[in-house]
Every structure is written in structure tokens, then in C-alpha cells.
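Read in my numbering, the sequence shown has 55 at position 25, and its numbers run on one by one without any break. Glycine included, each C-beta is placed from N, C-alpha and C at the ideal position. The model shown is predicted, which means the values in this text are computed figures rather than measured ones.
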Amino acid sequence: MRLTVIGIGLMGGSLALSLKKKGIVSKVIGVDSNIEHQNLALQLGIVDEIMSLEEAIAASDIIAIATPINVAENLLPTILNLVNKQVVFDLGSTKESIVNIANAHVNKGRFVPTHPMWGTEFSGPTAAQEDAFVDKATIICNKEQVDADAIELVEKLYQALGMHILYMNAIKHDIHVAYVSHISHITSFALANTVLEKEKESDAIFELASSGFESTVRLAKSNAEMWVPIFMQNKENVLDVLNEHISQLKKFKASLEKENPAYLLELIQNANQIKRILK
């Protein structure tokens with residue numbers, strides 16, 4: 031099976047490496063507007079060849095779109111114009127908008143909207159990892175709108191990578207990821223900005239940063255060009271969860287201002303209930 035990866039960064043590069051290692055694909059073709067990424071992907075053995083979009087689709091059996099979501103949405107109609115029996119899937123973090131774009135196209139059945147629930151704070155081809163997706167979840171959205179053979183191929187691909195598959199409506203997907211992923215990134219970005227604003231001595235940050243701070247702020251190193259489109263695409267859901275998060279922060283603030291340790295204890299003990307879900 032010949033795979034084209036459009037966007038040879040963390041996600042696309044990891045997908046290519048993992049599928050090559052498993053022997054699931056015989057050839058990986060890379061498409062990327064960044065010349066440095068093209069060269070690195072070839073040097074690192076992530077892709078076997080670089081082609082133009084049109085050449086790559088013609089030479090492929092399956093096409094993975096691993097670009098920022100705004101780029102993916104702009105590219106999708108062109109990609110669907112070029113496919114015949116090829117299968118197209120994306121790895122984006124929001125789904126409703128791209129599903130709507132696909133549904134307006136005559137070849138909508140060839141597009142499988144997916145979201146592998148994995149990532150790191152790093153970006154580019156050098157961040158790609160083999161076995162990145164093992165034991166992780168991937169979400170396939172609006173399965174009923176996709177051709178049966180296209181769904182079957184993408185399912186087999188993810189299963190071969192060691193992932194377990196969840197099926198979800200695109201609208202519900204975007205609501206859920208706002209709570210379990212997008213708010214985590216906004217919180218991390220905001221915390222990093224808070225510390226950078228209040229703690230002017232970078233040496234002190236470096237010396238005093240504990241593992242708790244590092245783990246909380248780790249996501250603040252994530253690629254801005256990827257996350258700005260995600261936040262904007264999922265604006266309403268992100269605003270909803272952000273308003274709730276601000277409300278929770280105000281409760282902690284009030285407990286301190288009013289010197290109310292009992293309320294502070296209640297807030298923390300209530301938060302401890304997350305242990306029932308996250309072991």
C-alpha cells in the first residue's frame with residue numbers, strides 16, 4: 031500500500047514512521063510546503079520521496095492529511111477533486127467544520143474524519159516518533175457518511191498501529207475535546223504567560239521549577255501555528271469550557287481572599303475525585 035502524508039511534522043511523520051516499521055505501507059510519499067521539512071523527512075527516512083500534491087495523490091492508495099486544521103480545510107476540496115478510489119483521512123483536532131466541507135463534495139464518501147488522541151509539545155519532522163500511537167485512542171467521526179471500504183481500510187490501519195477506535199458524531203467530538211484537550215493547552219499557555227510576566231529572572235524559573243510546574247506548563251511549548259486554528263475552529267466550545275474554568279479559578283481566589291480554609295479544602299477534595307477516572 032502506498033501512502034501519501036500531507037504535512038510531514040510530528041503527527042504526519044510519526045504516522046509514516048509507525049506504518050513503515052509495521053510494514054503496512056510499501057512506500058511513503060511526502061507533501062509539504064516547507065523545504066526544510068522536505069529535506070529532513072528524506073534524511074530521517076520518514077518518507078521515501080517528495081512529490082507535488084497532484085503527483086502524490088495519483089501515485090497513492092491512501093492519503094493522510096496532517097497539516098494544521100485551517101490548511102487541511104483549504105486543501106480538502108482539491109484533494110477530493112483528485113481522488114478516484116483512493117481513501118483520504120485527516121488527523122485534525124477539530125471535526126465539525128472539516129466534515130461539513132467534505133459533505134459538500136461529490137467524493138465525500140472517500141474521506142474519513144479521524145483524530146488520533148496523541149501528541150507532544152514538539153513539532154516538525156525531528157519530533158516524529160515510532161510507536162507513537164500504541165495503546166492510544168483514535169476517534170472516527172460520522173462513520174455512516176463514509177464509504178464502507180474507506181472506513182474498513184482506515185480501521186485496519188489504526189488497529190495495526192495498536193490503537194483502539196472510538197466512534198463519535200463530529201459535533202460531540204468537538205465538545206468533548208474542548209474539555210479534555212483544548213482547555214489544557216489554554217491553561218498551560220496562560221500559566222506560562224503568568225510566570226513570564228511575574229517572574230522576570232529566568233534563572234530563578236530554571237532553578238526553582240518543580241516537576242509539578244514543568245508538567246503543567248509543558249504544553250505551553252506547543253506549536254502556535256497549529257493551536258491558533260484549533261482554538262478558532264472550536265471557539266464556541268472552548269469559550270464554554272473557558273468560562274467554567276474561570277469560574278472555578280474565582281472560587282479558589284475567593285477562598286483565599288476570605289481566608290476560608292474549609293472551602294479551599296472542599297474545592298481540592300472535590301478535584302481529587304478525578305482519581306476515579308484517571309488512575
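Beta strand (DSSP E) runs contained entirely in the region 151-204, provided each spans 3 or more residues: The qualifying runs are 167-171 and 194-198.
task: If I'm right that Val268 touches Val184 with Cβ under 8 Å, what's the distance once you round it to whole angstroms?
output: Taking the sequence shown and counting its residues from 1, one reaches residue 268 at position 238. Taking the sequence shown and counting its residues from 1, one reaches residue 184 at position 154. Rounded, the Cβ-Cβ distance is 27 Å, inconsistent with contact.
field: Distance between Lys305 and Thr156 (C-alpha atoms, nearest Å)
entry: In the sequence shown, counting from the first residue as 1, residue 156 sits at position 126. In the sequence shown, counting from the first residue as 1, residue 305 sits at position 275. The straight-line gap from Cα to Cα measures roughly 34 Å.
query: The beta strand (DSSP E) spanning Ile304 covers which residue range?
result: The sequence position of residue 304 within the sequence shown is 274, counting from 1. It is not in any beta strand (DSSP E) - Ile304 carries neither H nor E in the DSSP assignment.
message: Could you give the first and the last residue of the continuous beta strand (DSSP E) run that contains His145?
response: Against the sequence shown, residue 145 aligns to sequence position 115. In this chain, the beta strand (DSSP E) harbouring His145 covers Phe141 to Pro146.
- request: Using only alpha-carbon positions, find the residue among Ile92, Met256, Ala134 and Lys166 that is nearest to Ile152.
  value: Taking the first residue of the sequence shown as position 1, residue 152 is located at position 122. Looking at the sequence itself, residue 152 is Phe, so the reference to Ile does not match. For the residues Ile92, Met256, Ala134 and Lys166, the minimum Cα distance to Phe152 belongs to Met256.
CA nearest to the CA of Asn137, picked from Thr150, Trp148 and Lys115: Residue 137 sits at position 107 when you count from the first residue of the sequence shown. Considering only Thr150, Trp148 and Lys115, the residue with the shortest C-alpha distance to Asn137 is Lys115.
field: Lys57 and Arg32 closer than 9 Å at C-beta
entry: Here residue 57 is taken as the residue at index 27 of the sequence shown, counted from 1. Here residue 32 is taken as the residue at index 2 of the sequence shown, counted from 1. A contact, by the Cβ cut-off of 9 Å.
message: What does the Cβ neighbour count give for Ile181, buried or exposed, with the cut at 16 atoms within 10 Å?
response: Locating residue 181 in the sequence shown gives position 151, where the first residue counts as 1. Buried.
query: Excluding five sequence neighbours on each side, which residues of the same chain lie with their C-beta closer than 8 Å to the C-beta of Lys251?
result: Along the sequence shown, one-based indexing puts residue 251 at 221. Closer than 8 Å at Cβ, skipping near neighbours: Glu151 and Phe152.
query: Over what stretch of residues does the alpha helix (DSSP H) that includes Ile87 continue unbroken?
result: Within the sequence shown, numbered from 1, the residue matching residue 87 stands at position 57. In the DSSP assignment, Ile87 falls within the alpha helix (DSSP H) that extends over Leu83 to Ala88.
Those residues which DSSP pairs with Ile54 across a bridge: Within the sequence shown, numbered from 1, the residue matching residue 54 stands at position 24. Under DSSP, Ile54 forms no beta bridge with any residue.
query: Applying the criterion that 16 or more other CB atoms from any shown protein chain within 10 Å of the CB defines a buried residue, is Gln263 buried or exposed?
result: Counting from one through the sequence shown, the residue named residue 263 turns up at place 233. With at least 16 other beta carbons inside 10 angstroms of its own, Gln263 counts as buried.
field: Spatial distance of Ser44 from Glu227 (CA atoms)
entry: On the sequence shown, residue 44 is found 14 positions in, with the first residue counted as 1. On the sequence shown, residue 227 is found 197 positions in, with the first residue counted as 1. When rounded, the distance between both Cα atoms is 35 Å.
message: Closest to Lys186 by C-alpha separation, out of Phe119, Glu79 and Ala208, would be which residue?
response: Numbered from 1 along the sequence shown, position 156 holds the residue referred to as residue 186. The option with the nearest alpha carbon to Lys186 is Phe119.
message: Give me the residue from Ile128, Lys288, Leu272 and Leu249 with the minimum Cα distance to Val101.
response: Residue mapping note: residue 101 aligns to position 71 of the sequence shown, counting from 1. Ranking the options by Cα distance to Val101, first place goes to Ile128.
field: Check whether Leu121 and Gly42 have beta carbons under 9 Å apart
entry: Here residue 121 is taken as the residue at index 91 of the sequence shown, counted from 1. Here residue 42 is taken as the residue at index 12 of the sequence shown, counted from 1. The Cβ atoms of Leu121 and Gly42 sit closer than 9 Å to each other.
field: Boundaries (first-last residue) of the beta strand (DSSP E) holding Thr217
entry: On the sequence shown, position 187 is the one that residue 217 refers to. Note, Thr217: premise wrong, no beta strand (DSSP E); alpha helix (DSSP H) at Ile213 to Lys228.
- prompt: Where does Leu33 fall in DSSP's three states?
  reply: On the sequence shown, residue 33 is found 3 positions in, with the first residue counted as 1. The answer is strand: DSSP assigns Leu33 an E or B state.
query: Hey, Met81 and Ile59 are a contact pair by Cβ (cut 8 Å); roughly how many whole angstroms apart?
result: The sequence position of residue 81 within the sequence shown is 51, counting from 1. The sequence position of residue 59 within the sequence shown is 29, counting from 1. Right, the Cβ-Cβ distance comes to about 5 Å (below 8 Å), so this counts as a contact.
- request: With DSSP as the reference, label Glu79 as helix, strand or coil.
  value: Taking the first residue of the sequence shown as position 1, residue 79 is located at position 49. In the structure shown, Glu79 sits in a strand (DSSP, three-state: E or B).
- prompt: Residue range of the alpha helix (DSSP H) that Asp258 falls in?
  reply: Taking the first residue of the sequence shown as position 1, residue 258 is located at position 228. The residue asked about is misnamed: residue 258 is Val in this sequence, not Asp. Judged by DSSP secondary structure, Val258 falls within the alpha helix (DSSP H) whose first and last residues are Ala254 to Gln263.
- request: Go ahead and label Thr34 buried or exposed: buried means 16 or more other beta carbons lie within 10 angstroms of its beta carbon, across all protein chains shown.
  value: Within the sequence shown, numbered from 1, the residue matching residue 34 stands at position 4. Flag for Thr34 reads buried.
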